[in-house]
Amino acid sequence: MNSARFDLAALGEPLVELNQTRGATGEYLQGFGGDTSNCAIAASRLGARSAYVTRVGEDAFGRQFLELWKREGVDVAGVGVDPDAPTGIYFVTHGTSGHEFSYLRAGSAASRMRPADLPLDVLRASKVLHVSGISQAISASACDSCLAAIDAARRAGVKISYDTNLRLKLWPLARARAIIRATLALADWALPSLDDAQLLYGRDEPESILDACHRDGAPIVALRCGAAGCVVSDGHRRERIAGHRVDAVDATGAGDCFDGAFAARLVAGDDPFAAARYANAAAALQTTGYGAVAPLPRHAQVMALLAEAVAS
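In the numbering used here, the protein residues as written are 436 to 747.
Listed below in structure tokens is the structure:
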């Protein structure tokens with residue numbers, strides 16, 4: 436990979452998180468989320484040099500995000516402030532069938548991002564650019580911005596990391612399929628969840644989904660399968676990596692943690708299979724606490740879990 440100022444730049448929308456606890460009161464705790472923001476913070480906690488590219492509102496939540504990123508070691512040179520639009524919010528509600536997301540993000544500052552707003556110097560100074568399907572789904576201009584960022588990054592020799600992160604509340608399946616599959620052809624590695632990929636391709640089996648992702652142009656695919664672990668393919672070799680037994684309480688942000696950990700280890704020189712084993716452990720640790728950011732693990736914690744798994 437090219438010598439660069441940043442190991443990872445992530446582009447997308449940060450969201451203030453109101454996450455319901457599972458206690459008797461079911462109260463909501465304020466935190467911070469947004470898939471690509473989580474990814475950038477995860478990578479930073481694991482030792483990578485991260486930057487974030489977005490727009491926030493000129494409001495208390497926007498200021499809190501800027502403080503958070505600085506505290507977490509995520510560079511904010513690529514963050515713009517919009518005086519006329521708010522920072523987005525989402526709610527996580529927990530029930531017997533899992534967690535459900537509700538959003539207050541229409542017209543958010545990040546959704547108003549345009550290609551002309553992109554900090555090309557930050558994008559070109561990174562080894563990896565990470566984007567997601569959510570980054571593309573929040574508005575037409577945000578989608579255009581993602582594709583323009585990918586184009587600028589690729590021209591500069593930057594690797595592209597892509598999480599399909601399908602949210603049908605944000606766009607119809609037909610449009611999502613067309614754009615996500617076209618973006619897979621531009622990615623150096625793809626990071627779909629099994630649930631997303633089943634909807635995108637109308638297939639159930641991981642092996643068939645991996646084949647489809649490769650046909651769409653993704654050279655490396657790490658298919659996340661929740662508590663069951665992941666399946667990784669580089670087009671020649673495939674490996675199923677089992678999940679870790681942990682005391683999971685909240686899966687919010689686990690996939691984002693995987694994404695950041697995977698990129699961090701690839702940049703550090705790991706092959707995709709070693710990177711996925713590491714990311715799989717990091718994501719498991721993420722589920723042991725509430726919220727998208729607070730439980731994100733440090734490198735030593737991930738290594739301890741991997742060592743424990745080998746010992747057992």
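Ideal Cβ positions, reconstructed from N, Cα and C, are used throughout, including at glycine.
Coarse secondary structure for residue i, derived from DSSP in three states
i, result
"Trp606", "coil"
"Gly695", "helix"
"Ser747", "coil"
"Ile573", "coil"
"Ala620", "coil"
"Arg440", "coil"
"Val666", "strand"
"Asp470", "helix"
"Leu629", "helix"
"Gly433", "Nothing about residue 433 can be read from this structure; the chain reaches only from 436 to 747."
"Asn454", "strand"
"Tyr725", "coil"
"Arg650", "helix"
"Asp682", "coil"
Nearest residue (CA-CA) to residue i, options the options
i, options, result
"Ala699", "Gly690, Ala689, Ala714, Ala686", "Ala714"
"Phe697", "Val656, Ala727, Gly592", "Val656"
"Thr618", "Asp631, Asp639, Ser596", "Ser596"
"His649", "Tyr636, Ala495, Gly661", "Tyr636"
"Ser668", "Ala653, Asp682, Gly661, Ala662", "Ala653"
"Thr522", "Asp510, Glu507, Ala512, Gly497", "Gly497"
Length of the line joining the Cα atoms of residue i and residue j
i, j, result
"Glu452", "Phe536", "10 Å"
"Arg680", "Arg616", "33 Å"
"Leu621", "His565", "12 Å"
"Ala572", "Asp705", "31 Å"
"Gly466", "Pro730", "11 Å"
"Tyr538", "Arg549", "21 Å"
"Val643", "Val516", "The amino acid at residue 643 is misidentified as Val; the sequence shows Ser. If I take the Cα positions, the gap works out to 43 Å."
"Arg480", "Gly542", "31 Å"
"Thr687", "Asp694", "13 Å"
"Thr456", "Ala717", "22 Å"
"Gly664", "Cys474", "18 Å"
"Ala575", "Ala583", "12 Å"
Cβ neighbour criterion (16 or more within 10 Å) applied to residue i
i, result
"Ser747", "exposed"
"Pro518", "exposed"
"Ala625", "buried"
"Gly690", "buried"
"Arg484", "buried"
"Gly670", "exposed"
"Asp685", "buried"
"Gly592", "exposed"
Let me know the beta strand (DSSP E) ranges lying completely inside the segment 495-555, each 3 residues or longer, listed in chain order.
509-517, 523-530, 533-539
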